[in-house]
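Novice: Protein chains in written order, with the UniProt record's numbering: chain A, 1 to 325; chain B, 1 to 353.
Have a look at this one before I ask anything.
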């Protein structure tokens, strides 16, 4: 796999870890700050405007001349780190105030398969999971999500998804990524989970055919169960306009208390408080190679993963003080 | 006794270069170059026979020269010197059928090399990101060159079944680029403004002309120790580039067009005769295509000298910059960087680099 060359032009990593400190008072250069950099946020660290702007321009230069690299899945590490993550981070930190537990269950190197519950009408949970793994893990690992084929059929969405490192949820791609030692995220509930009515929140749906277990087994990587609490309430789906969904070629068309009645404003997610908990990894390297072909074992392992996620969900829900705080 | 190599489709520049190259190979006695039109380039010492491989005469040729290696390069997406899509299809499909029929009757033939294309995988949103040689196409190509290639490969598989004593090698080339490339994609990149599909940024892979010649040479000769040169192999350079990257490196502005409208634009361009903007090419430029080259490296033992990015750079060099040369863009950004930096030099700041 081609390793993308990332030139960190900015020390924004410490910035987002550190609690916010007042900006050091100093004479600012007189140069008016053009909105050239991809992150024209206020500079709080030493280095100041100049480094940020120079870094931003160097980034812009690379982007405009096409001198950057993508891997065979179309993953653009530089763009993801510098732009996409910076756009998602405020949502992650300020809007959903995501709390992450058990990040140490993700290995620091080598492949792993993160299996999470899926909810929220729009796949924001996947994106927040990606930010959580990258920002909270000491090794700053990149999560490679497996997405439904609908994502790759939609214009613009498919382009961004590929650049953010997502790929089609199929055994070939998952195996290739795991074989390359990547952290792969999968949400086996698929549309059944994300498009379920509000009344069935936090009830795990069927886990497909359990293909993810055999993939992890073949690759010999651990399965990390992951429970996401808070995503269920962002768009409480009280109804489903099936006819409209069929006309538009979508798996469901959500009706929430605000959408589509309030128009674009209704598409704003509710600011719920999220918790993402990574559970104990389930090792898969102890099995023989034929084990991946054994349906009984696959069912059992799938159930084990499912139960663990469901139990953690219940536990987190009991601990939760309120949906919004 | 030395080997006799028959090469088809030699009127194309790449095939012509292969003819000249293969003559210099050790153990090759004679090269018979066949095409229905006379080539514009030199063929060296090769014997040129003007013949249509779609006619039974090809069988006599095989017997007369006691040909033992057939390199079938007359599978191509673009017509040579006029002629429409139907003549291309005729040459590809009927030509292959006749040639294989003749080969089957020719006991001297020991080795067959066929140039195919990664077009056979099609291109769809439901496809895995990387195709291996065994990946079945989710949506079989419905027409155009891709369908020809699928049919040609079908005939070749049939031939391999009927003549198990012949070593058959099918090379599925990714998009061939280079200074002299005449593929549809090269024509597309030669447009001053590149129409793209709005909201899609396909992943592309290229293989350099030089690497094509090298891999054909490997496939047409005796396999080296520890390698096997019969079977089906994907041939592509390392790495992947996006169409947007290509456009920027080339300096060509892009015009994103809505997917339904792309078909009309394609039809319009085709009518004007600018480029072959076929349906399959639109699909390639929508979803892209990346193939795995593990078999090529490990089984065939071929390691391309050019990566995808290098191949494209070589093509871009030969073609010259477009309307927005990347150097000029980089220079403009540098100028902005300088104007930003200039005022601050009055304030010496130790922390600044």
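Yeah, the Cβ is synthetic: ideal placement off N, Cα and C, and Gly gets one too.
Values in this document were obtained by computation on a predicted structure and should not be read as measured data.
Interface residues of chain B around residue 60 of chain A at Cβ under 7 Å?
Specialist: By one-based count along the first chain, residue 60 of chain A stands at place 60. The answer, in chain order, is 333.
Novice: Would residue 21 of chain A count as contacting chain B if we go by Cβ distances under 8 Å?
Specialist: Within the first chain, the letter at position 21 stands for residue 21 of chain A. With a pLDDT of only 42 at residue 21 of chain A, under 50, the local geometry of the prediction cannot be trusted, and no value is derived from it.
Novice: I need the DSSP call for residue 230 of chain A, collapsed to helix, strand or coil.
Specialist: Residue 230 of chain A sits at position 230 when you count from the first residue of the first chain. Three-state result, residue 230 of chain A: coil.
Novice: Kindly list, in the order they appear in chain B, the residues whose Cβ is closer than 7 Å to that of residue 149 of chain A.
Specialist: To locate residue 149 of chain A, count along the first chain from 1; it is residue 149. Neighbours of residue 149 of chain A on chain B, chain order: 125 and 126.
Novice: Using a Cβ-Cβ cutoff of less than 8 Å, which residues in the same chain neighbour residue 120 of chain B once the five nearest sequence positions on both sides are dropped?
Specialist: Locating residue 120 of chain B in the second chain gives position 120, counting from the first residue. Excluding positions up to five away in sequence, the list reads 137, 141, 146, 149, 150, 153 and 172.
Novice: Looking at chain A, is there any beta carbon in it that lies within less than 8 Å of the beta carbon of residue 150 of chain B?
Specialist: Indexing the second chain from 1 puts residue 150 of chain B at position 150. No, residue 150 of chain B lies away from the interface with chain A (no Cβ there is under 8 Å from its Cβ).
Novice: Kindly indicate if chain B contains any beta-carbon less than 8 Å away from that of residue 189 of chain A.
Specialist: Along the first chain, read from residue 1 onward, the residue named residue 189 of chain A stands at position 189. It does not; no Cβ of chain B falls within 8 Å.
Novice: Using CA atoms only, rank isn't needed, just tell me which of B:55, B:299 and B:21 is closest to residue 227 of chain B.
Specialist: Here residue 227 of chain B is taken as the residue at index 227 of the second chain, counted from 1. Measuring from the Cα of residue 227 of chain B, the nearest candidate turns out to be B:299.
Novice: Considering only the alpha carbon of each residue, which of B:109, B:116 and B:111 lies closest to residue 74 of chain B?
Specialist: Residue mapping note: residue 74 of chain B aligns to position 74 of the second chain, counting from 1. Comparing Cα-Cα distances from residue 74 of chain B to each of B:109, B:116 and B:111, the minimum goes to B:116.
Novice: From the DSSP output, in three-state form, read off residue 311 of chain B for me.
Specialist: Looking up residue 311 of chain B in the second chain gives position 311. In this structure, residue 311 of chain B counts as helix in the three-state DSSP scheme.
Novice: Which residues, taken in chain order from the region 174–208 of chain B, show a beta carbon closer than 8 Å to some beta carbon of chain A?
Specialist: Those would be 197, 198, 199, 200, 201 and 203, in chain order.
Novice: Chain A partners of residue 242 of chain B, CB-CB under 7 Å?
Specialist: Position 242 of the second chain, counting from 1, holds the residue named residue 242 of chain B. Within 7 Å Cβ-Cβ: 70 and 74.
Novice: Who are the neighbours of residue 54 of chain A on chain D, taking C-beta pairs under 8 Å?
Specialist: Protein chains in the displayed structure are A and B, and chain D is not among them.
Novice: If you draw a straight line from the C-alpha of residue 141 of chain A to the C-alpha of residue 157 of chain B, how long is it?
Specialist: Residue numbering aside, residue 141 of chain A sits at position 141 when the first chain is read from its first letter. Residue numbering aside, residue 157 of chain B sits at position 157 when the second chain is read from its first letter. About 45 Å.
Novice: Across the region 278–287 of chain A and the region 206–222 of chain A, are there enough close Cβ pairs to call them in contact, namely three or more that are closer than 8 Å?
Specialist: Counting Cβ pairs under 8 Å, three or more are found: they touch.
Novice: So, helix, strand or coil for residue 322 of chain A, using DSSP?
Specialist: Along the first chain, read from residue 1 onward, the residue named residue 322 of chain A stands at position 322. Here residue 322 of chain A sits in coil by DSSP.
Novice: Could you compute how far the alpha carbon of residue 186 of chain A sits from the alpha carbon of residue 115 of chain A?
Specialist: Here the question's residue 186 of chain A lines up with position 186 in the first chain. Here the question's residue 115 of chain A lines up with position 115 in the first chain. Their Cα atoms are separated by approximately 5 Å.
Novice: Could you tell me the boundaries of the beta strand (DSSP E) in which residue 208 of chain B lies?
Specialist: Taking the second chain and counting its residues from 1, one reaches residue 208 of chain B at position 208. Counting along the chain, the beta strand (DSSP E) containing residue 208 of chain B begins and ends at 206–208.
Novice: So residue 121 of chain A is in the beta strand (DSSP E); what residue range does that whole segment cover?
Specialist: Position 121 of the first chain, counted from the first residue, corresponds to residue 121 of chain A. First-last for residue 121 of chain A: undefined, no H or E at that position.
Novice: Just verifying my parser: in three-state terms, what is the DSSP assignment at residue 295 of chain B?
Specialist: Within the second chain, the letter at position 295 stands for residue 295 of chain B. Three-state DSSP puts residue 295 of chain B in a helix.
Novice: Counting only Cβ pairs nearer than 8 Å, list the residues of chain A close to residue 245 of chain B.
Specialist: Taking the first residue of the second chain as 1, we reach residue 245 of chain B at position 245. What residue 245 of chain B touches in chain A: 66, 68 and 70.
Novice: Output the boundary residues of the alpha helix (DSSP H) element that contains residue 174 of chain B.
Specialist: Translated into positions along the second chain, residue 174 of chain B becomes position 174. Element bounds for residue 174 of chain B: n/a, residue is neither H nor E.
Novice: How many angstroms separate the CA atom of residue 330 of chain B from the CA atom of residue 312 of chain B?
Specialist: If you number the second chain from 1, residue 330 of chain B lands on position 330. If you number the second chain from 1, residue 312 of chain B lands on position 312. Cα to Cα, the separation comes out at about 19 Å.
Novice: Taking C-beta pairs closer than 9 Å, name the residues in chain B that residue 176 of chain A reaches, listed in chain order.
Specialist: Taking the first chain and counting its residues from 1, the one referred to as residue 176 of chain A is at position 176. The answer, in chain order, is 128, 129, 130 and 292.
Novice: Using the rule of at least 16 other Cβ atoms within 10 Å of the residue's Cβ for burial, across every protein chain shown, is residue 13 of chain A buried or exposed?
Specialist: The count along the first chain starts at 1 and reaches residue 13 of chain A at position 13. Only weak support is given to the placement of residue 13 of chain A: the predicted model assigns it a pLDDT of 44, under 50, and the question is left unresolved by the model.
Novice: Do you know how far the Cα of residue 106 of chain A is from the Cα of residue 170 of chain B?
Specialist: One-based indexing of the second chain puts residue 170 of chain B at position 170. One-based indexing of the first chain puts residue 106 of chain A at position 106. In a straight line, the C-alpha of residue 170 of chain B is about 43 Å away from that of residue 106 of chain A.
Novice: Of all Cβ atoms in chain B, is any one closer than 8 Å to the Cβ of residue 152 of chain A?
Specialist: Here residue 152 of chain A is taken as the residue at index 152 of the first chain, counted from 1. Yes, residue 152 of chain A lies at the interface with chain B (some Cβ there is under 8 Å from its Cβ).
Novice: What span of residues does the beta strand (DSSP E) with residue 25 of chain B cover, start to end?
Specialist: By one-based count along the second chain, residue 25 of chain B stands at place 25. Residue 25 of chain B -> no beta strand (DSSP E), and no H or E assigned at all.
Novice: Would you kindly check if the distance between the Cβ of residue 237 of chain B and the Cβ of residue 205 of chain B is under 8 Å?
Specialist: Numbered from 1 along the second chain, position 205 holds the residue referred to as residue 205 of chain B. Numbered from 1 along the second chain, position 237 holds the residue referred to as residue 237 of chain B. Taking 8 Å as the Cβ cut-off, residue 205 of chain B and residue 237 of chain B qualify as a contacting pair.
Novice: Cutting at 7 Å between CB atoms, please list the residues of its own chain near residue 91 of chain B, excluding the five before and the five after it.
Specialist: Mapped onto the second chain, residue 91 of chain B falls at position 91. Counting only Cβ-Cβ distances below 7 Å, and skipping sequence neighbours, we find 54 and 74.
Novice: Once you ignore the five residues that flank residue 179 of chain A on each side, which residues in its own chain have a CB closer than 8 Å to its CB?
Specialist: Translated into positions along the first chain, residue 179 of chain A becomes position 179. 111 and 219, listed in sequence order.
Novice: Do we get a CB-CB distance below 8 Å when we pair residue 330 of chain B with the residues of chain A?
Specialist: Walking along the second chain from the start, residue 330 of chain B turns up at place 330. Yes, because at least one Cβ of chain A sits closer than 8 Å to the Cβ of residue 330 of chain B.
Novice: Listed from N- to C-terminal order along the chain, which residues in the UniProt domain "Phospholipid/glycerol acyltransferase" (112–231) of chain A have their beta-carbon within a distance smaller than 8 Å of any beta-carbon of chain B?
Specialist: Within the UniProt domain "Phospholipid/glycerol acyltransferase" (112–231) of chain A, the residues whose Cβ lies closer than 8 Å to some Cβ of chain B are 149, 152, 153, 154, 155, 156, 157, 158, 159, 162, 163, 167, 168, 170, 172, 173 and 176, listed in chain order.
Novice: Mind listing the chain B neighbours of residue 104 of chain A? Cutoff is C-beta to C-beta under 8 Å, in chain order.
Specialist: Sequence index remark: in the first chain, residue 104 of chain A carries index 104 (1-based). Those do not exist, as residue 104 of chain A stays about 30 Å from chain B at its closest Cβ, beyond 8 Å.
Novice: Sort A:256, A:289 and A:70 by Cα distance to residue 309 of chain B and report the nearest one.
Specialist: Position 309 of the second chain, counted from the start, is the residue given in the question as residue 309 of chain B. That would be A:70, whose Cα lies nearest to the Cα of residue 309 of chain B.
Novice: Relative to the alpha-carbon of residue 120 of chain A, which residue among A:307, A:212 and A:268 has its alpha-carbon at the smallest distance?
Specialist: By one-based count along the first chain, residue 120 of chain A stands at place 120. Measuring from the Cα of residue 120 of chain A, the nearest candidate turns out to be A:268.
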